[in-house]
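The sequence shown begins at 10 in my numbering and counts up by one.
All C-beta atoms, glycine included, are put in the ideal place defined by N, C-alpha and C.
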Amino acid sequence: MILVENLTRKFGHHTAVNNLSFEIKSGDIVGFLGPNGAGKSTTMKMLTGFLPISSGSISIDGLDVDKNAIKVKHKIGYLPEGAPAYPDMTVYQFLHFIAAARKIPRKERALAIDSVVEKVALASVLNKSIENLSKGFKRRVGIAQALIHDPDILILDEPTDGLDPNQKHQVRKLISALAETKIVIVSTHILEEVTAVCNRVIIIADGEKRFDDTPLALQQRSKYHNAMTIKLSYMADISGLLELPGVADLKHDKDTKRVTIFSEEQQDITAIIQDYVHKQNLPVDLIFPEQGRLDDVFREITRSQVAEGEVS
Ligand SMILES: Nc1ncnc2c1ncn2[C@@H]1O[C@H](COP(=O)(O)OP(=O)(O)OP(=O)(O)O)[C@@H](O)[C@H]1O
């Protein structure tokens, strides 16, 4: 278990992380979100014992990170931002080097390497130089080095940043598989990542916690959650939609011929709308439920920092 209480980190006069508190239990796959400069990497570096804290405390399974840095590092695997590695080493040489640096006993190293190579599917590139690998494989090497000592907690800083959609999908699948046995914290500013892999979301802005709940709760904050969108093949009288029970509002985009139907208190109006479209014989090409527009919710939650223009 990870317990963070009133965590603060200052750089000179600048407070990068301000009075942050949260608790993470086993089974949690946490998406740690925030705009650029929000304090995500600084928090991760403190969690992993790489950066001293200014005040507050972090305890991992009851061990204070400040006082037990070495013991805590055994429990944590960390993929820093950009997945740094030694480019001229082969994958095998690099993993061997990390296994030695992690002080895995000599006799156990081959087994530890075999195990991560299998988990992260690196067998096909084991003897290739890291500099010649695709970005997706490089990221997997980064995850493999974080896993080599079989930690209980995995902290991944922007693990899919810069990857193409296929590579992103593979890395997310890998994270989901690893989360079956470990606490996983994934720092990201990609909102879709959170719904794809996490069961919990913590959002910070200006170094402070702004949101801590499930991805569904985040989606439910959107006006679009449980709204329905229909696309008309030609203009038709749709005013009757507003009379239906549970319908709160309509938004008509004449250019795209799409109509979004918002529900009262975000109730599910799928069946009512489908039934109406069918009975009225409306010229509908497409009908789909909206999940919730996370971009809008994210902007709302992190608003003061956005207003300061810190988001790129
Ligand atoms: N070593 C440092 N010295 C001075 N200021 C720093 C240092 N590291 C981070 N900061 C500042 O602390 C704030 C938080 O930075 P941090 O890297 O933690 O943000 P982040 O949320 O990880 O951002 P990004 O998404 O851009 O990686 C920023 O204003 C940053 O400039």
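Which residue marks the beginning of the alpha helix (DSSP H) containing residue i, and which one marks its end?
{"i": "P298", "result": "That residue, P298, is in no alpha helix (DSSP H); its beta strand (DSSP E) goes V293 to P298."}
{"i": "K80", "result": "A78 to K84"}
{"i": "R308", "result": "L303 to I310"}
{"i": "A280", "result": "T279 to Q289"}
Among the options, which has the Cα closest to the Cα of residue i?
{"i": "L104", "options": "G71, V150, M244 and G48", "result": "V150"}
{"i": "F146", "options": "A119, D166, N175 and I162", "result": "N175"}
{"i": "Q300", "options": "N235, I239, F307 and Q179", "result": "N235"}
{"i": "A257", "options": "E127, Q228, E273 and G86", "result": "E273"}
{"i": "D264", "options": "L250, K240 and A280", "result": "K240"}
{"i": "P322", "options": "G71, T57 and E201", "result": "The structure shown does not extend to residue 322, since the chain is modelled only from 10 through 321, so no value can be given for it."}
Can you list, in chain order, the residues of its chain whose CB lies under 6 Å from that of residue i, leaving out five sequence neighbours each side?
{"i": "I69", "result": "I11, V81 and K84"}
{"i": "N208", "result": "I38"}
{"i": "I213", "result": "G43, A47 and G48"}
{"i": "S321", "result": "Reliability fails at S321, whose pLDDT of 38 lies under 50, so the model's placement of it is uncertain and the value that follows must be treated cautiously. Only N45 meet the Cβ criterion."}
{"i": "E32", "result": "L12"}
{"i": "K260", "result": "T269"}
{"i": "I310", "result": "I212, R219 and F220"}
Within the continuous beta strand (DSSP E) that includes residue i, where are the two ends?
{"i": "L261", "result": "The question names Leu, yet the displayed sequence has His at residue 261. Looking at the DSSP string, the run of the beta strand (DSSP E) that includes H261 is V256 to D262."}
{"i": "K266", "result": "No beta strand (DSSP E) contains K266, which DSSP labels as neither H nor E."}
{"i": "D221", "result": "E217 to D222"}
{"i": "T238", "result": "M237 to L241"}
Check the DSSP bridge columns for residue i and list the partner residues they point to.
{"i": "I164", "result": "Y87 and I194"}
{"i": "H23", "result": "F20"}
{"i": "E14", "result": "S66"}
{"i": "T99", "result": "S138"}
{"i": "V210", "result": "G40 and D222"}
{"i": "E32", "result": "L12"}
Quick one: what's got a C-beta closer than 8 Å to residue i's C-beta in the same chain, skipping five residues either side?
{"i": "F106", "result": "Y95 and M98"}
{"i": "L142", "result": "V100, V134 and V150"}
Using a Cβ-Cβ cut-off of 7 Å (strictly less than) and excluding sequence neighbours within five positions of residue i, which residues of its own chain qualify?
{"i": "Q179", "result": "G145"}
{"i": "V286", "result": "I239, V293 and I296"}
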